[in-house]
Each structure stands twice: as structure tokens, then as C-alpha cells.
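Below is one structure, written out as C-alpha cells; comments come after it.
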Amino acid sequence: MKIFAFSLMLSAVATMLPAQTSKTWNPNLKNGYYQNPVIDADYSDPDVCRVGNDYYMTSSSFACFPGLQILHSTDLVNWKIIGHALTNEYDVLPEFAGGELDWHKRIQHGNYVWAPSIRYHDGWFYIYCGDPDQGLFMTRTQDPAGQWEPMVWVMKGKGLIDCCPLWDEDGKAYLSHGCAGSRAGVKSVLFVAPMNAEGTKVIGPSRIVYDGHEDQPTIEGTKFYKRNGYYYIMSPAGGVKYGWQVELRSKNPYGPYEEYVGLAQGKSKVNGPHQGAWVDTQNGEDWFLHFQDKHAYGRVVHLQPAKWVNDWLVIGDDADGDGCGDAVAKWKKPNLPSSGEFQPAEDDEFDSIDLGLQWQFEGPYSHYWYFCDANKSRLRLYGVQAPEGFKNLADLQNTILQKFPTENFTATAKVKFIPNPSYKNKGEEAGFIIKGQDYAAIKFVSTANGVAMRYVTCKDAMKGKTETQHVEIPLEMQQQPAPYTQKYAVDDIPQPRYATSDVYVRVKVKSSGTGNQIKSQAQFYYSLDNKKFTSIGEPFAVKEGKWIGAKVGFFNFRPTVSTDGAFLDVDWIRFEK
Numbered sequence: 011m012k013i014f015a016f017s018l019m020l021s022a023v024a025t026m027l028p029a030q031t032s033k034t035w036n037p038n039l040k041n042g043y044y045q046n047p048v049i050d051a052d053y054s055d056p057d058v059c060r061v062g063n064d065y066y067m068t069s070s071s072f073a074c075f076p077g078l079q080i081l082h083s084t085d086l087v088n089w090k091i092i093g094h095a096l097t098n099e100y101d102v103l104p105e106f107a108g109g110e111l112d113w114h115k116r117i118q119h120g121n122y123v124w125a126p127s128i129r130y131h132d133g134w135f136y137i138y139c140g141d142p143d144q145g146l147f148m149t150r151t152q153d154p155a156g157q158w159e160p161m162v163w164v165m166k167g168k169g170l171i172d173c174c175p176l177w178d179e180d181g182k183a184y185l186s187h188g189c190a191g192s193r194a195g196v197k198s199v200l201f202v203a204p205m206n207a208e209g210t211k212v213i214g215p216s217r218i219v220y221d222g223h224e225d226q227p228t229i230e231g232t233k234f235y236k237r238n239g240y241y242y243i244m245s246p247a248g249g250v251k252y253g254w255q256v257e258l259r260s261k262n263p264y265g266p267y268e269e270y271v272g273l274a275q276g277k278s279k280v281n282g283p284h285q286g287a288w289v290d291t292q293n294g295e296d297w298f299l300h301f302q303d304k305h306a307y308g309r310v311v312h313l314q315p316a317k318w319v320n321d322w323l324v325i326g327d328d329a330d331g332d333g334c335g336d337a338v339a340k341w342k343k344p345n346l347p348s349s350g351e352f353q354p355a356e357d358d359e360f361d362s363i364d365l366g367l368q369w370q371f372e373g374p375y376s377h378y379w380y381f382c383d384a385n386k387s388r389l390r391l392y393g394v395q396a397p398e399g400f401k402n403l404a405d406l407q408n409t410i411l412q413k414f415p416t417e418n419f420t421a422t423a424k425v426k427f428i429p430n431p432s433y434k435n436k437g438e439e440a441g442f443i444i445k446g447q448d449y450a451a452i453k454f455v456s457t458a459n460g461v462a463m464r465y466v467t468c469k470d471a472m473k474g475k476t477e478t479q480h481v482e483i484p485l486e487m488q489q490q491p492a493p494y495t496q497k498y499a500v501d502d503i504p505q506p507r508y509a510t511s512d513v514y515v516r517v518k519v520k521s522s523g524t525g526n527q528i529k530s531q532a533q534f535y536y537s538l539d540n541k542k543f544t545s546i547g548e549p550f551a552v553k554e555g556k557w558i559g560a561k562v563g564f565f566n567f568r569p570t571v572s573t574d575g576a577f578l579d580v581d582w583i584r585f586e587k
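In the working numbering, the protein residues as written are 11 to 587.
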């Protein structure tokens with residue numbers, strides 16, 4: 011009864027947050043059906059827990075911060091972002107605790123937050139996750155839409171990843187996990203360790219409980235459950251793009267474990283369906299959420315029907331009766347109440363004092379980098395000094411980005427570049443970007459002759475390759491309106507700033523192929539009146555980032571040390587099909 015009441019309270023809080031109807035992707039079909047993916051965006055390694063009538067999801071955020079985005083749903087089909095578990099830049103992970111962060115270091119692409127699990131226990135929400143270079147961590151809260159506690163270092167060690175807690179009926183607690191071959195020197199093995207009841211520390215040796223080298227290679231991504239007297243470790247095997255979902259069960263948390271494959275691609279078009287969450291609904295149904303790797307688009311979220319047969323979970327549609335389900339393209343919706351049709355936020359008018367929950371920086375971030383100017387309904391990005399050893403835009407932590415919302419979409423933004431008052435020869439750069447392991451961008455650059463707009467691309471950017479300039483267009487400058495043109499007493503004269511006119515930047519993203527053959531292409535455009543758009547440069551072949559999908563957003567930096575830099579003002583960004 012307490013859990014139910016608490017769930018109602020959380021549901022009410024989550025409902026107060028605005029849900030955004032997407033113009034790009036809708037998983038809802040007519041006559042009570044849905045289509046996969048339920049989220050056609052990069053929420054890698056999703057995990058879900060239920061509390062009463064509410065469902066909460068988190069996913070891998072790697073080097074993107076704020077990290078561990080929290081999503082909420084009442085029907086498992088429609089999801090919205092309600093917060094983050096990692097929000098304080100000084101408490102992101104113990105590596106940074108107690109000291110100043112060095113914003114001038116280059117990004118650690120693909121590091122930090124791997125394969126989290128989310129659980130509800132004894133009035134608290136817990137998230138466990140692994141950093142492959144440091145070990146296993148935990149954060150908790152009583153309000154998933156609010157502030158989460160600083161990370162606790164549960165188990166130190168290089169190569170430890172993909173952890174999940176289990177609190178048993180006898181009060182004992184356990185933690186399952188995998189290991190990263192790139193750090194540990196071995197992979198395809200799973201572990202279970204004893205934890206203290208508080209879930210803050212491993213209190214005994216972590217034992218290998220399963221070796222998948224022969225039958226289930228590259229097994230990882232553990233999710234730990236108990237049902238009908240069996241301990242279950244549900245784990246993906248076979249690799250990210252081509253794998254399947256493995257289920258292990260035992261009467262003892264330390265094994266020995268039997269193995270079973272409950273979901274595979276089969277005759278479907280869904281490559282590598284695995285790594286996700288089993289959920290049982292308040293109405294007695296079973297469902298499974300997992301990802302599909304779509305290359306440039308990242309790892310998108312699917313919802314599969316499921317049922318228990320002889321204490322094994324058969325996932326998807328087992329039309330041939332072999333006990334292993336195929337991933338479904340569409341299905342009848344869960345028997346659950348819905349709070350509307352929506353997707354994670356995409357558009358942003360920047361009319362709030364808070365940054366939209368869909369935005370993330372490429373590394374631990376600083377509040378010095380941006381200003382949410384609600385009075386003028388704009389986001390102002392400040393020019394941040396380039397990091398040490400800067401080679402191209404892949405090195406910038408202060409790039410602010412959001413996930414691609416689906417395969418085919420158009421994103422348009424209204425921006426203005428306001429350089430430093432003595433901007434000539436400063437080399438300041440800001441703009442609109444699609445960023446993965448390669449990138450393409452419309453740049454505004456301070457040059458000896460004024461401000462120019464450029465279209466640039468960079469192939470193998472994360473490997474330090476040189477950026478290529480394709481187009482350069484000079485832009486006229488205009489003096490900023492009041493208060494810069496007002497008269498002041500001598501000591502109150504503000505810095506005079508000159509700016510470009512409003513520029514409307516646009517990118518159209520299109521996909522071709524399906525499954526493992528899917529590709530993405532982007533064409534950039536610009537306009538000075540938001541009516542006539544002119545293409546700039548050739549179409550760009552989009553590539554995924556390090557363990558994440560490509561993203562779209564903005565950047566602003568200066569190459570030299572100074573006390574102030576250029577501004578990039580973003581009035582709005584809007585997405586459409």
C-alpha cells in the first residue's frame with residue numbers, strides 16, 4: 011500500500027513535467043497497437059524498474075553529461091525524460107571528487123558510465139553502473155525526478171562493468187557484473203559478489219559463476235532477478251550488432267547456472283536484439299525492453315511481449331514454437347493506462363531558466379559554459395578555451411548536443427554569433443554541428459576580414475585528423491541593440507558588441523537500408539530570412555560516435571587564453587519529419 015501511494019505521488023510529479031509530442035517519430039498505432047522501436051533514439055543498454063503503476067528507465071550515458079538520463083512511462087510505449095542521476099560536475103565519479111575539474115583536458119570518448127541497472131528497494135531507487143577504468147558505482151534517491159546522491163564506489167577494479175544488484179528474501183544482497191576484455195584481458199565471463207545490506211559495498215570475493223566462451227561468446231550486460239525460487243542472470247551475448255538474449259538460472263546465486271536463449275533476430279529485421287529489462291506489470295503481463303544497434307542512429311529501444319514457459323522467459327513472437335522468440339515489428343499494446351502519446355523532448359524554445367533535459371555535454375561540464383536566458387528566450391553559449399592538444403571539434407567538451415530523434419528528420423535553429431569586441435584575428439569559432447566519429451558543421455569564425463560562415467567536415471575526427479573547409483561566406487556585422495547603444499556615465503559604459511544578423515541553420519537527415527546495412531546522410535542549409543534556404547556543401551555521410559549514436563547541437567570556443575570570448579545565441583531549435 012505504501013509503494014502504491016508513493017507511486018501515485020511520483021506519477022503526479024512526473025505528469026506535471028511537460029511531455030512533448032514528437033513530429034518525427036510516433037510508436038503508437040491505431041486500434042491499440044504499437045510499433046517498434048518505442049524510442050527511436052540512442053538509449054543504449056536500457057534498464058527499467060516498476061514501482062506501482064509507474065515505470066522508470068535509465069541507460070548508458072558514457073562520456074555524455076548530465077549523465078544517466080531518467081525516463082518515465084505508464085504504458086511502456088510512451089516515454090519522457092524527467093531528470094538525470096549525474097548532475098553535479100564535481101561529483102560525477104570519484105575520479106573527480108574533492109578537487110577542481112580541469113576543463114582543458116580532452117574528452118574521454120566512450121568512457122565513464124557503462125550499462126546501468128535501476129532498482130527500487132526499501133523506499134529507495136538505486137542505479138548501479140560501471141566505469142571500465144575505475145570499477146562499479148551506485149547512486150540512489152527517493153525521488154527519481156529529483157536530486158540523486160553522489161556516487162558511491164561499491165567495488166574498485168579495472169575492467170569491471172555491467173553490474174546489477176539483487177536483494178534476497180533473507181536480507182542478503184548480491185551484485186552481478188561482467189568484465190571488459192579491453193581492460194581486464196578476459197571477457198565472456200560473469201560474476202556474482204556479496205554486498206552489504208545497504209548496497210554500498212562489496213563485502214566478499216567476486217566469483218566467476220558462468221563462462222560463456224564455448225556457447226555464449228562476449229556475454230556481458232548482467233541483469234539479476236529472482237523468481238519462483240530461481241536466480242536469473244539475463245545477459246546479452248554474441249556482440250552488440252549481431253547478438254541474442256541469454257538467460258541463466260540457478261537455485262543458488264553462485265551457480266551452477268543453466269543457460270537458455272530467449273530472444274534472437276530470427277526472421278525479423280531487428281539485428282542483435284538483446285541487453286535490456288524484464289518487467290512484470292501490475293496487471294500480470296510480462297514484457298522485455300532491449301536495444302537494437304542502428305549504427306549512426308545509436309542503440310534504439312524496442313518493447314517485446316514475453317511469457318514464462320517452464321520457468322524460462324520466451325521473448326518476442328515464438329511463431330515456430332522452438333522456445334526462442336523473434337523480435338516483433340508491431341504488437342498489441344500492454345494492458346496499461348496511458349498518459350498520452352509522446353517521445354523524449356526534441357524541440358527547445360529556450361524559455362526556461364533550466365537547460366532542457368535532452369541536452370548533454372561531451373564530458374563533465376561546467377555551469378560557466380552557458381546561460382539559460384528565460385527573459386529573452388534564448389540559450390547563450392560562451393566561448394570556452396580549447397583544450398590542451400586541441401586538433402579538431404571532436405576534442406571539445408563544451409559541445410552541447412542531443413540524440414537523433416529518429417532515422418529521417420529535419421532540424422532547424424535560429425542562431426546569432428556575437429564575437430569578442432576585438433574579434434578580428436581572434437580565431438573564435440561557434441556553430442551548428444552533427445557529431446560522431448566524423449563531424450560536419452556550419453561554423454561562424456572570427457577572421458582578419460571580419461566574420462565568415464563556413465561549412466566544414468572532418469573524417470576520423472576522434473583519431474585527430476585535420477578538418478576540411480568546403481565553403482566560406484562572409485557575413486555582415488551589425489551593432490547590438492540597447493543597452494549597447496545607450497549612453498552611460500564613463501564608468502558604466504558596457505563593452506560594445508557587434509553581431510551577425512539572425513542566421514537560420516538547418517540539417518536534413520535521411521536513412522537508407524535497414525538493420526546492419528542502415529546508413530545515414532545529412533545535408534546542411536542556411537537562410538537569412540527563415541524562408542529561402544540554400545544548401546551548403548555536399549551531403550555528409552553520418553557516422554556513430556564511440557559507443558553512442560551521432561548527435562546534433564551547438565559549440566563555441568576560442569583558441570587563446572583570455573577572460574572573455576564570443577557568444578553564440580540560440581533562439582530555438584525545432585524538429586520535424
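Idealized CB from N, CA, C, for every residue including glycine. All values reported here derive from a predicted model rather than from experimental measurement.
8 Å contact criterion, which residue i and residue j should meet: CB distance rounded
| i | j | result |
| --- | --- | --- |
| Leu578 | Phe427 | 6 Å |
| Gly188 | Asp172 | 4 Å |
| Arg129 | Cys59 | 5 Å |
| Val319 | Gly333 | 7 Å |
| Pro283 | His312 | 7 Å |
| Asp327 | Val310 | Rounded, the Cβ-Cβ distance is 19 Å, inconsistent with contact. |
| Ser456 | Ala576 | 7 Å |
| Ile80 | Pro154 | 5 Å |
| Pro37 | Phe301 | Contact flag wrong, Cβ pair sits at about 15 Å. |
| Lys589 | Ala190 | Because residue 589 is not part of the residues shown, which for the chain are 11 to 587, the question remains open. |
Sub-8 Å separation of residue i and residue j beta-carbons
| i | j | result |
| --- | --- | --- |
| Glu351 | Asn46 | no |
| Ala95 | Gly77 | yes |
| Gly441 | Lys453 | yes |
| Arg516 | Phe543 | yes |
| Gln407 | Gly373 | yes |
| Val123 | Asp141 | yes |
| Trp582 | Phe360 | yes |
| Thr210 | Met148 | yes |
| Asp85 | Ser348 | yes |
| Ala3 | Leu403 | Any property of residue 3 remains undetermined from this structure, which presents the chain solely from 11 to 587. |
| Gly62 | Gln292 | yes |
| Lys33 | Lys469 | no |
| Tyr449 | Thr476 | no |
| Asp290 | Leu323 | no |
| Asp303 | Tyr240 | no |
| Asp221 | Val202 | no |
Assigned exposure category for residue i - 16 Cβ within 10 Å defines buried
| i | result |
| --- | --- |
| Thr510 | buried |
| Arg568 | buried |
| His223 | exposed |
| Lys553 | buried |
| Lys40 | exposed |
| Trp10 | With the chain represented from 11 up to 587, any question about residue 10 goes unanswered, as that position is not in the structure. |
| Tyr53 | buried |
| Lys413 | buried |
| Pro263 | buried |
| Asn281 | buried |
| Glu268 | exposed |
| Pro215 | exposed |
| Ala560 | buried |
| Tyr184 | buried |
Nonlocal neighbours in the same chain, by C-beta distance under 6 Å from residue i, ignoring five residues either side
| i | result |
| --- | --- |
| Ala29 | Lys90, Gly350, Phe352 |
| Gly249 | Thr228 |
| Phe557 | Going by the sequence as given, residue 557 is Trp instead of Phe. Once the five neighbours on either side are set aside, the close Cβ partners of Trp557 are Phe72, Gly120. |
| Gly265 | Val219 |
| Met244 | Lys233, Glu257 |
| Pro549 | Gln531, Gln533 |
| Ala396 | Phe567, Pro569 |
| Ser522 | Lys529 |
Sequence-distant residues of the same chain with beta carbon closer than 8 Å to residue i, five excluded per side
| i | result |
| --- | --- |
| Met487 | Gly460, Val461, Tyr508, Ala509, Thr510 |
| Trp134 | Arg150, Thr151, Gln152 |
| Val500 | With a pLDDT of only 42 at Val500, under the threshold of 50, the placement of this residue in the model should not be trusted; the figure read from the coordinates follows. Contacts found: none. |
| Lys168 | Pro142, Asp143, Gln144, Gly145, Arg193, Ala194 |
| Tyr535 | Val515, Arg516, Val517, Lys518, Phe543, Thr544, Ser545, Ile546 |
Heavy atom of the ligand HEM within 7 Å of residue i beta-carbon
| i | result |
| --- | --- |
| Asn88 | This structure does not include the ligand HEM; it has no bound ligands of any sort. |
Cβ-based neighbour list, residue i, same chain, cut-off 7 Å, excluding 5 preceding and 5 following
| i | result |
| --- | --- |
| Asp225 | Glu269 |
Would you check if there are 3 or more beta carbon pairs closer than 8 Å linking the stretch 553-566 to the stretch 384-392?
-> Yes, since at least three Cβ pairs between the stretch 553-566 and the stretch 384-392 fall closer than 8 Å, the two stretches touch.
The stretch 332-346 contacting the stretch 368-375, beta-carbon criterion three pairs below 8 Å | Too few Cβ pairs lie closer than 8 Å, so no.
Is the stretch 273-280 touching the stretch 226-236 in the sense that three or more CB pairs, one from each, lie closer than 8 Å?
-> Because the criterion of three Cβ pairs below 8 Å is not met, the stretch 226-236 and the stretch 273-280 do not touch.
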